[in-house]
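Numbering (the numbering used here), first residue to last: 5 to 251.
From the three backbone atoms N, C-alpha and C, an ideal C-beta is built for every residue, glycine too.
Given the structure is predicted, the values throughout are model-derived calculations rather than measurements.
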Ligand SMILES: Nc1ncnc2c1ncn2[C@@H]1O[C@H](COP(=O)(O)OP(=O)(O)OP(=O)(O)O)[C@@H](O)[C@H]1O
Ligand SMILES: [Mg+2]
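Structure, rendered in structure tokens:
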């Protein structure tokens with residue numbers, strides 16, 4: 005099943021930062037997006053959940069248009085589509101004045117209006133999944149970066165998304181905390197969650213992703229299996245990037 009279809013998406017701020025992106029994500033895909041700083045990786049993810057508007061092109065989520073040939077769907081439809089995706093950012097974005105459990109329960113309460121019993125059971129389930137149950141009543145300030153990020157993942161899962169988007173989920177973490185977060189994402193992959201992961205962790209991309217997309221200067225320069233992109237990159241620019249990052 006086609007989960008995300010991006011067709012010829014363009015986006016400019018002062019200059020054009022997405023210059024005709026076309027990408028398809030199918031159910032169960034783990035797509036690693038790699039590329040140097042400023043290549044447009046975050047902007048692309050942000051366009052998927054309507055944090056940025058594209059200028060032209062189409063984005064379809066599970067076959068339904070978020071934007072088609074530059075024309076956006078109705079706000080109510082946009083809202084429904086973006087709820088199919090959970091996003092985890094580089095900087096956790098937890099609410100500091102709420103406990104871990106309250107962070108998880110807020111959106112299901114406000115947005116989904118699920119019954120409290122169901123919300124509590126889900127919070128329990130997802131905190132357990134990311135290994136954070138014992139910190140349920142702690143405040144974010146008392147957690148390590150890795151723990152905060154695992155809570156952010158659990159919080160996104162509370163909305164029962166079909167697709168998870170990660171924007172450099174480990175790049176704000178000390179190296180020793182990176183592993184626990186990648187392990188959580190790896191588990192999701194094993195459960196067949198569809199994911200797009202912007203990452204600088206090439207080892208992780210190689211191991212967990214089934215597809216790797218290399219972005220450069222607002223275009224997708226190369227795309228393939230990890231074996232293809234890492235083992236036998238077609239473009240000189242990809243080789244150059246990999247040499248720099250793997251140093
Ligand atoms: N809100 C904005 N206003 C103006 N320019 C922006 C905005 N957001 C991003 N840009 C510019 O768009 C380009 C692409 O940025 P983007 O954040 O998508 O890159 P990236 O690939 O995620 O980089 P990094 O690896 O550093 O996170 C950059 O030149 C950036 O300065
Ligand atoms: Mg970025």
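Bridge-paired residues (DSSP) for residue i
i           : result
residue 20  : 16
residue 30  : 6
residue 53  : Per DSSP, none; premise fails for residue 53.
residue 38  : 218
residue 64  : 9 and 69
residue 266 : Because residue 266 is not part of the residues shown, which for the chain are 5 to 251, the question remains open.
residue 76  : 71
residue 249 : DSSP output for residue 249 lists no bridge partner at all.
residue 25  : 13
Boundaries (first-last residue) of the beta strand (DSSP E) holding residue i
i           : result
residue 218 : 215 to 220
residue 169 : 167 to 171
residue 199 : 198 to 202
residue 223 : 223 to 228
Residue i vs residue j beta-carbon contact at 9 Å
i           : j           : result
residue 85  : residue 66  : yes
residue 238 : residue 244 : no
residue 92  : residue 217 : no
residue 212 : residue 201 : yes
residue 185 : residue 150 : yes
residue 176 : residue 95  : yes
residue 77  : residue 70  : yes
residue 174 : residue 203 : yes
residue 142 : residue 188 : no
residue 178 : residue 45  : no
residue 140 : residue 105 : yes
Beta-carbon contacts of residue i that lie in its chain and below 8 Å, excluding the five residues immediately before and after
i           : result
residue 89  : 52, 53, 65, 165, 166, 167, 168 and 169
residue 107 : 98, 99, 144, 155 and 159
residue 137 : 128 and 131
Sequence-distant residues of the same chain with beta carbon closer than 7 Å to residue i, five excluded per side
i           : result
residue 252 : Since the first residue shown for the chain is 5 and the last is 251, residue 252 is missing from the structure and cannot be characterised.
residue 15  : 21, 22, 47, 51, 56, 58 and 59
residue 230 : 209, 210, 213 and 216
residue 253 : Residue 253 is absent from the structure shown; the chain starts at 5 and stops at 251.
residue 82  : 54, 70 and 76
residue 111 : 162 and 163
residue 130 : 108, 158, 161 and 162
residue 6   : 28, 30 and 67
With 16 other Cβ atoms within 10 Å as the buried cut-off, status of residue i
i           : result
residue 100 : exposed
residue 193 : buried
residue 180 : exposed
residue 234 : buried
residue 160 : buried
residue 33  : buried
residue 125 : exposed
residue 132 : exposed
residue 10  : buried
residue 197 : buried
residue 182 : buried
residue 205 : buried
residue 37  : buried
residue 134 : buried
residue 117 : exposed
residue 123 : buried
Beta-carbon proximity list for residue i, same chain, < 6 Å, skipping 5 on both sides
i           : result
residue 12  : 24, 26 and 61
residue 227 : 217
residue 223 : 23
residue 72  : 62
Neighbour flag for residue i against chain B, beta carbons, 9 Å
i          : result
residue 33 : Here chain B cannot be found, since the structure has a single protein chain.
Boundaries of the alpha helix (DSSP H) in which residue i is found, first to last residue
i           : result
residue 100 : Here residue 100 belongs to no alpha helix (DSSP H), and DSSP marks it neither H nor E.
residue 136 : No alpha helix (DSSP H) contains residue 136, which DSSP labels as neither H nor E.
residue 183 : 179 to 194
residue 81  : 79 to 86
residue 207 : 206 to 212
residue 155 : 149 to 161
residue 104 : 104 to 111
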